[in-house]
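Below you'll find the structure, written out as structure tokens, and then a few comments.
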Amino acid sequence: MTSDDDPTASSEDESAATSEAEWLRRDADAIAETMKIRFFPFALESQEGSVLTGVDGDGCIDFSAAWAVANTGYRHPTVLEEVREQLESASTNSPLSIPHPPLVELAERLVERVPGEFEKKAWFGHSGSEAGDLIWKLLADADRGDTVLTFGGSYHGQTMGAATLSGHAATGDDASDDVAICDFPGTKPGIDAETALEGVDRAFDENDVAGVITEPIQSDGGIYDPPQGFLAALEERCRRQDAYFVVDETKAGLGRTGTFFAFERDGVTPDAVMIGKPLGSGLPISAVVGRETLLDALPAGHLMTTAGNPLSAAAGLGTLDALESDGLVDRAATMGDRLRALLDERVGDHECVADVRGRGLMQGVELRDPRGDDPAGVTAKTVYRARERGLIVFYVGLESNVLEITPPLTIEESELERGVDRLAAAIDDVRDGAVDDETIAPYAGW
């Protein structure tokens, strides 16, 4: 009997060839489009260090770190050991009503790490979006004003309060009369730091401002790193106007830019700091650390039953341990310099590259269409082709044309170099017509 006679029979090659396609089909049938940002066909089987392996055995160097979550790399042994040990004693608890030691210890360590000669406390959630919601509630309830200043291109999360504080098209149209949106340096032609601060001054003059919220580097807006001194100028205005100063470190924090917090370059002291993606090395946990008077302002006012659960708290402790023991913050600075040099050398002068910018291991490559037509299309084709060449990279930006390069802080220099080579080859391939419009049509990205 041949395989044609037996519907259950198939060769190993046929099984491997259809494995990814079958998982993608099932994903399309079962999982809502509401939670998808897809750039290429890929289904994950396993991960280790800085490499993702698909269900078909295809290994890819990862320049995404799962949207800057895997700062410690995938399956870091220190994090795994903390979680394993915690599983032996307790896995489920709601700290809303019963405290558990790992979360208390994590709070103490974060409070110690955030600067400020004032009493501080920590709040915990599952995601950066929940942290953004807390900031929205706290500032809306503050007795210092009725308006929050934020920035165009900023991204503080998808839930309603966080989206309201954002200035990114991906969060939808959640404009509020209680939010004033200012220009961020670099995001528009002619908007440098001085011009941006003039806009902030006008917003202060025209509104009763409760607080200012900013990212130290705009990530989803397109990897815009304001010049040193910009955050300090924002803080000075907040102090003068008696407004809270909040920095969102959800994506740039925990070592990614070469300092533990990205805002440390400016020497500022925020009233509250949002911490998110990398804190649990993949387990869901976020935090806001700030002034006790601000964090205690809404008793029982922002509750998530499983936020800060024992396993996520243990992962957070393991993450802090790994960052310290492996010297990952300093490593991000060193490897970030190497990454920037590679990008400048191997893609910077390409006709499809408009700009290379960023700090540490948060770099952006802005692409353009040499014909002047569709930079978003060129970018979508580039990330698609990069995946075919064995590199995972995503794109961001208000025009969907900035490659976001945020590899794990543990990435080896040889992997960094091979990844940039694969990216350069993908850009060349797209220029030469290797990917057509029909191929990328199912992958809308942002």
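Residue numbers (this note's numbering): 75 to 520. Glycine included, C-beta positions come from ideal geometry on N, C-alpha and C.
Requested in this report: Could you say which of L353, A237, E94 lies nearest to G227 if we only look at CA atoms?
Outcome: The residue you call residue 227 lines up with position 153 of the sequence shown. Closest by alpha carbon: A237.
Query raised in the report: Mind checking whether R330 and G434 have CB atoms under 8 Å apart?
Result: In the sequence shown, residue 330 corresponds to position 256, counting from 1. In the sequence shown, residue 434 corresponds to position 360, counting from 1. Yes, these two residues count as a Cβ contact at 8 Å.
**Report entry** Rounded Cβ spacing between G295 and Y229 (contact assumed at less than 8 Å)
**Finding:** Taking the first residue of the sequence shown as 1, we reach residue 295 at position 221. Taking the first residue of the sequence shown as 1, we reach residue 229 at position 155. That pair is a contact at about 6 Å.
**Report entry** Distance between T108 and V521 (C-alpha atoms, nearest Å)
**Finding:** As displayed, the chain neither begins before 75 nor continues past 520, which places residue 521 out of reach and without an answer.
Query raised in the report: CA-CA distance, V185 and L305?
Result: Walking along the sequence shown from the start, residue 185 turns up at place 111. Walking along the sequence shown from the start, residue 305 turns up at place 231. Rounded to the nearest angstrom, the two C-alpha atoms are 21 Å apart.
Query raised in the report: Between D136 and I466, is the Cβ-Cβ spacing less than 8 Å?
Result: Walking along the sequence shown from the start, residue 136 turns up at place 62. Walking along the sequence shown from the start, residue 466 turns up at place 392. Yes, the Cβ-Cβ distance between D136 and I466 is below 8 Å.
Query raised in the report: In terms of residue numbering, what span does the beta strand (DSSP E) encompassing E310 cover?
Result: As a position in the sequence shown, residue 310 is number 236, starting the count at 1. No beta strand (DSSP E) contains E310, which is instead part of the alpha helix (DSSP H) from 304-315.
Query raised in the report: Secondary structure at R505, three-state DSSP: helix, strand or coil?
Result: Along the sequence shown, read from residue 1 onward, the residue named residue 505 stands at position 431. Three-state result, R505: helix.
Query raised in the report: What residue range is occupied by the uninterrupted beta strand (DSSP E) comprising S163?
Result: Taking the sequence shown and counting its residues from 1, one reaches residue 163 at position 89. First-last for S163: undefined, no H or E at that position.
Requested in this report: Name, in chain order, the residues that DSSP records as bridge partners for E122.
Outcome: Translated into positions along the sequence shown, residue 122 becomes position 48. E122 pairs with V125.
Query - Neighbourhood of G354 by C-beta, 7 Å cutoff - its chain only, sequence neighbours within 5 removed - result: Start at 1 with the first residue of the sequence shown, and residue 354 comes out as number 280. So the list reads S386, A389, G390, T393, once near-sequence residues are dropped.
Query - Secondary structure of V178, DSSP reduced to three states - result: The count along the sequence shown starts at 1 and reaches residue 178 at position 104. Looking at V178 - three-state DSSP - the assignment turns out to be helix.
Report task. Starting from the C-beta of E88, find all residues in its chain whose C-beta is less than 6 Å away, skip the five residues before and the five after it, and write them out in chain order. Result -> As a working mapping, residue 88 is identified with position 14 in the sequence shown. Any reading at E88 must be qualified, since the residue scores a pLDDT of 45, below 50, and its modelled position is unreliable; the value itself is stated next. Here the set comprises nothing.
Query raised in the report: To the nearest angstrom, how far is it from the Cα of R536 to the Cα of D316?
Result: Limits of the chain in this structure are 75 at one end and 520 at the other, which puts residue 536 out of reach.
Requested in this report: Can you grab the Cα-Cα spacing for the pair N145 / V470, in whole Å?
Outcome: In the sequence shown, residue 145 corresponds to position 71, counting from 1. In the sequence shown, residue 470 corresponds to position 396, counting from 1. Rounded to whole angstroms, N145 to V470 spans 19 Å at the Cα level.
Report task. Identify which residue in A270, A515, E512, T484 has its Cα closest to the Cα of S138. Result -> Mapped onto the sequence shown, residue 138 falls at position 64. When each option's Cα is compared against that of S138, the closest is T484.
Query - CB of F225 within 8 Å of CB of Y458, strictly - result: Your numbering for residue 225 matches position 151 in the sequence shown. Your numbering for residue 458 matches position 384 in the sequence shown. No, the pair does not count as a contact, with Cβ atoms beyond the cut-off.
Query raised in the report: In chain order, what residues of the same chain lie with their CB nearer than 6 Å to the CB of A67, ignoring the 5 residues before and after it?
Result: Since the first and last residues shown for the chain are 75 and 520, residue 67 lies out of range.
**Report entry** Buried or exposed by the 16-neighbour rule on C-beta atoms within 10 Å, applied to I297
**Finding:** Position 223 of the sequence shown, counting from 1, holds the residue named residue 297. Classified as buried, I297 has 16 or more neighbouring CB atoms from the shown chains inside 10 Å of its CB.
Query raised in the report: Where does the unbroken alpha helix (DSSP H) through E527 begin, and where does it stop?
Result: Examination of residue 527 is not possible in this model, given that the chain is present from 75 through 520 alone.
Query raised in the report: Looking only at its own chain, which residues have a Cβ that is under 7 Å from the Cβ of G382, when we skip the five neighbours before and after it?
Result: In the sequence shown, counting from the first residue as 1, residue 382 sits at position 308. Excluding sequence neighbours, G382 sits near P169, L177, F198, I359.
Query raised in the report: Which of the three DSSP states, helix, strand or coil, is assigned to E440?
Result: One-based indexing of the sequence shown puts residue 440 at position 366. DSSP places E440 in strand when its eight states are reduced to three.
Query raised in the report: Where does S228 fall in DSSP's three states?
Result: For this step, residue 228 is matched to residue 154 along the sequence shown. Coil at S228, not helix or strand.
Query - Three or more C-beta pairs below 8 Å linking the segment 489-498 and the segment 406-416 - result: In short, these stretches touch, since the Cβ pair count reaches three.
Requested in this report: If I'm right that G341 touches F335 with Cβ under 8 Å, what's the distance once you round it to whole angstroms?
Outcome: Translated into positions along the sequence shown, residue 341 becomes position 267. Translated into positions along the sequence shown, residue 335 becomes position 261. About 11 Å separates the two Cβ atoms, so there is no contact after all.
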